[in-house]
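Please read the structure below before turning to the comments.
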């Protein structure tokens with residue numbers, strides 16, 4: 296059986312790749328994809344901990360399912376915001392979205 | 006006796022009515038309403054006085070003190086609370102009579118005197134406000150209620166002095182009166198706070214019971230700058246009284262207050278408000294005499310000096326209202342001296358009785374003098390003595406009533422002033438010879454300057470009055486109050502005052518000491534009148550020769566011994582420039598500077614870190630991630 300640590304290494308890598316992408320990409324769609332990586336890393340963690348530490352229980356798996364559903368909803372909302380932002384400023388560059396400051 | 010509340014409530018309602026809707030009425034209507042209301046109030050106060058003196062009467066040989074009405078207004082602790090109520094005892098009932106009578110006379114008189122003035126309705130509204138405040142002052146059950154009404158009379162005095170608000174001199178006189186009395190009231194307030202702090206009560210009854218034992222006991226052993234706490238408190242309270250009653254050196258506002266309409270001067274600045282200080286000392290007299298006799302001595306000497314000082318100035322003044330103003334100061338000082346030399350109980354309390362007696366008689370003859378002067382001013386349209394002369398031919402009623410008042414103030418029997426002044430002199434004789442002889446001299450000076458005024462107005466050379474306008478007698482609305490007050494001035498002296506008003510409420514018998522007091526005082530007064538007659542009746546060269554011979558002294562007296570200039574120097578150069586300017590600098594640069602500095606530092610700091618809030622989401626996330634990593638590291642490794 297594959298050791299739990301390997302799963303965790305994968306999820307940490309996914310998590311920080313997601314963070315890196317979120318910080319370094321200027322394109323909001325790319326940032327959204329990075330965000331999906333972060334969330335998926337978390338969901339892997341849920342599933343792995345449930346499977347290895349509490350095999351007789353199901354909460355972790357249910358949380359994973361919830362997380363997937365919420366991620367889908369969040370993506371729909373984010374896409375809607377990005378489309379509106381595109382309509383008002385003509386591109387999807389996040390550094391241009393700083394007008395709330397003034 | 007709950008209906009005694011009506012005496013006070015009526016003028017208040019009148020003030021609200023006339024103040025709010027007076028301008029919509031016809032002027033005459035407002036005057037009639039005001040006068041009728043005051044007449045009602047007067048009637049009730051006579052009924053109260055009758056019921057008090059002849060209905061309730063004495064218990065165990067002493068006049069009762071009754072409180073027909075009392076409500077708790079502010080509650081601080083169970084002991085310390087401010088009440089509003091009505092206290093009836095001999096002096097407050099007497100004051101009710103004086104105030105309502107003189108106020109009613111002034112109301113009637115003003116119907117004629119103020120006829121056709123702009124703001125006639127406003128004038129009556131203010132008169133009602135004043136009557137309300139003054140009546141509330143005298144029936145106060147506690148010292149704080151007195152203070153509240155004390156300030157109210159100050160305000161109404163201010164409003165009435167400044168009635169001709171388009172005249173700069175009236176405006177500055179009203180400000181002067183308000184500021185000077187307000188300054189004195191600062192002392193009054195501090196005194197009240199000191200007294201109530203140590204005794205835990207504001208109540209007159211508690212303060213003055215048991216020979217002021219409460220005050221003595223609660224302030225024992227506490228002293229500041231060599232004087233006990235009780236002495237400080239009572240001296241500061243007297244300072245308030247001195248301001249209102251125009252004692253030296255706080256007298257400077259009263260002569261200027263003559264800028265107001267003459268009936269107002271008669272009511273406020275002669276008969277009622279200015280005796281509030283005397284009334285205050287009389288009200289707290291047991292405290293003064295038992296707890297702080299040293300302050301009482303101070304009162305006696307300040308009063309003596311003021312009486313002499315004001316009488317000397319009155320000799321040289323040429324504005325007839327100013328002569329009367331200085332004579333008022335001098336006469337009120339008489340009352341103060343009389344309180345100052347009084348002791349407690351029986352015949353020893355002669356000074357107290359005499360003071361209240363003089364207050365009573367003085368109110369009538371001084372109001373009469375002012376109203377008579379108003380009648381003269383109404384006829385010749387000038388305040389200056391030079392513009393008058395031989396008016397007896399034109400104004401017979403004014404002439405006779407004015408003469409009666411002059412005889413009363415000069416102390417010629419059988420007019421009222423003789424009896425009260427005689428009691429004061431008798432009280433002084435038994436206490437202090439120096440005070441006695443000073444006051445005797447002042448009595449002579451008083452007779453002289455009053456008759457100087459009288460002869461200059463009604464005798465002397467005839468002046469060339471404007472051809473088209475001969476002086477004429479005033480209308481009946483003005484002469485009737487004069488006649489009524491003249492009757493009062495003649496007969497009030499025969500009231501057996503010691504039967505009614507004494508310091509311990511127990512009647513005693515007083516008699517006139519003909520040989521030692523009465524005859525000398527009559528002789529001195531007669532001498533004063535004779536000199537005035539020689540100088541001014543026919544118009545002679547003597548007065549101007551004497552004034553030239555006196556030179557600088559005469560000028561100094563004419564300029565009121567430069568008291569106004571001294572105060573001006575004190576306030577402007579010493580207080581404003583030496584004290585207030587540095588304080589203002591300190592306030593602007595140190596106090597405000599500290600606040601401004603704090604604001605400046607905050608602003609600079611926020612400017613320097615505001616770049617962090619750039620609106621760049623990724624920067625926020627970057628900071629957030631680094632921050633959480635740092636916290637995680639701290640949790641793991643510490």
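Protein chains in written order, with our numbering: chain A, 296 to 397; chain B, 6 to 643.
All residues carry an ideal CB built from backbone N, CA and C; glycine is no exception.
Against chain A, a Cβ distance below 7 Å from residue 626(B) picks out 317 and 318. Annotation: residue 624(B) to residue 318(A) spans about 7 Å, alpha carbon to alpha carbon. Counting only residues of its own chain and dropping the five nearest sequence neighbours on each side, residue 111(B) has a CB closer than 8 Å to the CB of 132, 268, 269, 271, 272, 372, 376 and 486.
Rounded to the nearest whole angstrom, the C-alpha separation of residue 49(B) and residue 9(B) is 7 Å. For a Cβ distance threshold of 8 Å, residue set 621, 622 and 623 of chain B lies close to residue 389(A), ordered along the chain.
Taking the Cα of residue 289(B) as reference, the smallest distance to any Cα among 66(B), 145(B) and 443(B) is reached at 145(B). For the segment 313-346 of chain A, residues whose beta-carbon sits nearer than 7 Å to a beta-carbon of chain B comprise 314, 317 and 318. Judged by DSSP in its simplified three-state form, residue 508(B) adopts coil rather than helix or strand. Within chain B, the residues 619, 620 and 621 have their CB atoms less than 8 Å from the CB of residue 393(A), given in chain order. Going by DSSP, residue 44(B) is part of the alpha helix (DSSP H) stretching over 32-55. The alpha-carbon of residue 585(B) is positioned some 44 Å away from that of residue 449(B). By the C-beta density criterion, residue 386(A) is exposed, having fewer than 16 other C-beta atoms within 10 angstroms. At a cut-off of 9 Å between C-beta atoms, residue 635(B) does not count as an interface residue with respect to chain A.
Taking all protein chains in view, the Cβ of residue 325(B) is crowded by 16 or more other Cβ atoms within 10 Å, so the residue is classified as buried.
If you check the CB distance, residue 452(B) and residue 356(B) do not come in under 9 Å. Within the same chain, and ignoring the five residues on either side of residue 332(A) in sequence, the residues whose Cβ sits closer than 8 Å to its Cβ are 309, 310, 312, 313 and 316. Taking the Cα of residue 214(B) as reference, the smallest distance to any Cα among 29(B), 500(B), 294(B) and 141(B) is reached at 294(B).
Note that the segment 401-409 of chain B does not touch the segment 513-522 of chain B; fewer than 3 beta-carbon pairs, one per stretch, sit closer than 8 Å. For residue 236(B) against residue 297(B), the beta-carbon gap comes to about 5 Å, under 8 Å, which counts as contact. When secondary structure is reduced to three states using DSSP, residue 76(B) falls in the strand class.
Chain order gives the chain A residues near residue 630(B) as 314, where near means a beta carbon separation below 7 Å. By the neighbour-count definition (other C-beta atoms within 10 Å, threshold 16), residue 457(B) is a buried residue. Three or more Cβ pairs drawn from the segment 302-318 of chain B and the segment 334-343 of chain B lie within less than 8 Å of each other, which places the two stretches in contact. DSSP places residue 417(B) outside both helix and strand once states are collapsed to three, so it counts as coil.
Under the three-state reduction of DSSP output, residue 389(B) falls in the strand class. By a beta-carbon distance limit of 8 Å, residue 156(B) does not contact residue 208(B). Their separation comes to about 20 Å. Ranked by Cα distance from residue 163(B), the options 179(B), 154(B), 388(B) and 505(B) are led by 179(B). Residue 82(B) sits in coil when the DSSP states are folded into three classes, being neither helix nor strand. For the options 467(B), 350(B), 115(B) and 120(B), the alpha carbon positioned closest to that of residue 543(B) is the one of 467(B). Taking a C-beta distance under 9 Å as the contact criterion, residue 192(B) and residue 159(B) do not qualify as a contact pair. With the rule of 3 Cβ pairs closer than 8 Å, the segment 417-433 of chain B counts as touching the segment 338-352 of chain B.
With contacts defined by Cβ atoms closer than 9 Å, residue 340(A) and residue 621(B) do not form a contacting pair. Residue pairing by DSSP places residue 328(A) opposite no residue, since no beta bridge is assigned to it.
When DSSP reads this structure, residue 233(B) sits in a beta bridge with 228(B).
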